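Visitor: Residue 39 in full-length UniProt numbering sits at position 39 of the sequence shown, and the numbers go up by one each step.
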Amino acid sequence: MAEAYSSLAKPTILVVEDEAPLLTLLRYNLEKQGFRVEEAADGQEALLRVSEARPDLVLLDWMLPALSGIEVCRQLRRRPGTRDLPIIMVTARTEDQDAVRALDTGADDYIAKPFAMDALLARIRALLRRSGGAATKGAISYRDLSMDQDAHRVTRNGRALHLGPTEYRLLEFFLSHPGRVFTREQLLDAVWGRDIHVEPRTVDVHIRRLRKAINGPGEIDLIRTVRSAGYALDAEGH
Ligand code: CA
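#1: Hey, Pro165 and Arg130: beta-carbon distance below 7 Å or not?
#2: Answer with buried or exposed for Thr24, where buried requires no fewer than 16 other C-beta atoms within 10 angstroms of its C-beta.
#3: With distance defined between alpha-carbon atoms, name the residue in Ile124, Pro114, Ala112, Thr202 nearest to Asp195.
#4: Who sits around ligand 1, taking every residue whose Cβ is closer than 6 Å to one of its heavy atoms?
#5: DSSP three-state label for Leu25, please.
#6: Here's the rule I'm using: 16 or more other beta-carbon atoms within 10 Å means buried, otherwise exposed. How should Arg78 be labelled?
#7: Quick one: what does DSSP say Asp61 is sitting in, helix, strand or coil?
#8: Note the first and the last residue of the continuous beta strand (DSSP E) segment covering Glu38.
#9: Report yes or no: do three or more beta-carbon pairs, one from the stretch 73-88 and one from the stretch 158-174, lie closer than 8 Å?
#10: Look up Thr225 in the DSSP assignment and say whether it is helix, strand or coil.
#11: Answer with buried or exposed for residue 249, where buried requires no fewer than 16 other C-beta atoms within 10 angstroms of its C-beta.
#12: Helix, strand or coil for Ser68 per DSSP?
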């Protein structure tokens, strides 16, 4: 069943798509689900729209005139104000390598064209859940790493860290279970949710990004890779 949003908390989705019929179809379906929709027909316009008013999520087509989706994503990630803006990349390609490239550029998720509207909506909701300011919780920490869940702030040794929404949720999950080893499937269930299908190796991409974000030069890697098992927040046994 559709999970509609109340008019007070209508999330805004910026749809960046140069194919007019697809844009119309996306607008129709997203509005029906209770989202507010903004449009951009090319990469330059997308960057402009985001700087005018920050949306809650960007649905970003890879193949765009003027500036590719990959480049738009890269630029958004470079700007402090949009470093953690939720982005779903829409690829016209089905090769795994392209999907991994989209994630490596900083997208939080991707979906390949042609996609089923239900699958897209599930991904949008899941990503909004991951990025949404959850209820007041307090602070959790491990070693010199700490997360203030109310302020949505993460620091290591007093240094502010910048995490994307998916990395934040991953770290939040690890911090709630320090030392415990989780398989990729367990992490997918906990962070992405059971309702959407994500390749297990997507987890590896986000773990790589999380490591990059939390481990400064000369600092101990707080994430332990357990061969053929998974990952743990564990500073011991490297
Ligand atoms: Ca296109």
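Glycine is no exception: its CB is placed at the ideal position from the N, C-alpha and C atoms. Model, not experiment: these values are computed from the prediction.
Guide: Taking the coordinates as given:
#1: Numbered from its first residue, the sequence shown carries residue 165 at position 165. Numbered from its first residue, the sequence shown carries residue 130 at position 130. Yes, Cβ-Cβ distance for Pro165 and Arg130 is below 7 Å.
#2: Taking the first residue of the sequence shown as 1, we reach residue 24 at position 24. Taking all protein chains shown into account, Thr24 has fewer than 16 neighbouring C-beta atoms within 10 Å of its C-beta and is therefore exposed.
#3: Translated into positions along the sequence shown, residue 195 becomes position 195. Each of Ile124, Pro114, Ala112, Thr202 was checked against the Cα of Asp195, and the nearest Cα belongs to Ile124.
#4: Answer in sequence order: Asp18, Glu19, Asp61, Met63, Leu64.
#5: Position 25 of the sequence shown, counted from the first residue, corresponds to residue 25. Reduced to three states, the DSSP call for Leu25 is helix.
#6: As a working mapping, residue 78 is identified with position 78 in the sequence shown. By the neighbour-count rule (16 or more Cβ atoms within 10 Å), Arg78 is not buried but exposed.
#7: Residue numbering aside, residue 61 sits at position 61 when the sequence shown is read from its first letter. Reduced to three states, the DSSP call for Asp61 is strand.
#8: Locating residue 38 in the sequence shown gives position 38, counting from the first residue. Residue range 36-40 is occupied by the beta strand (DSSP E) that includes Glu38.
#9: The answer is yes - the stretch 158-174 touches the stretch 73-88, with three or more Cβ pairs under 8 Å.
#10: Here residue 225 refers to the residue found at position 225 of the sequence shown. Here Thr225 sits in strand by DSSP.
#11: The structure shown does not extend to residue 249, since the chain is modelled only from 1 through 238, so no value can be given for it.
#12: The count along the sequence shown starts at 1 and reaches residue 68 at position 68. Taken through DSSP and simplified to helix, strand or coil, Ser68 comes out as coil.
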